[in-house]
Amino acid sequence: MHPHLHTKDNRGCEEVMNALEECHARGFLWKAAGMCNGLKRDVNKCLRAERLDRTASNRDEAREKRQKMKAVWAEIDANS
């Protein structure tokens, strides 16, 4: 797989990515015949799920930061 896919964020997909790499290592004809297509779909599903989890987590963190900033600005406005 591409090095940029082997990150700490995609650790849950490492097993599926390694299986796809092994399938691709079998040779060109194996890939050309579509024998790795199922594994490729599994990798895509796994990476998508990981990305959606990361997105939800980032959204929650941003929401919390925004609320803290609102509270700080409200306190500043109240003391002015």
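Counting from 1178, one number per residue, gives the positions in the sequence shown under the working numbering. No residue lacks a Cβ here, since even glycine has one placed at the ideal position from N, Cα and C.
How should residue 1229 be labelled, buried or exposed, when 16 other C-beta atoms within 10 angstroms of its C-beta is the threshold for buried?
-> exposed
Stretch pair the region 1226–1244 + the region 1197–1210: three plus CB contacts closer than 8 Å | no
Compare the Cα-Cα distances from residue 1213 to each of 1227, 1223, 1196, 1185 and report the closest residue.
-> 1196
Expected contact under 8 Å - CB spacing of residue 1216 and residue 1190 to nearest Å = Not a contact, Cβ separation roughly 11 Å.
For residue 1256 and residue 1227, believed in contact at Cβ under 8 Å, the rounded distance = Actually they are not in contact, since the Cβ atoms of residue 1227 and residue 1256 sit about 44 Å apart, beyond 8 Å.
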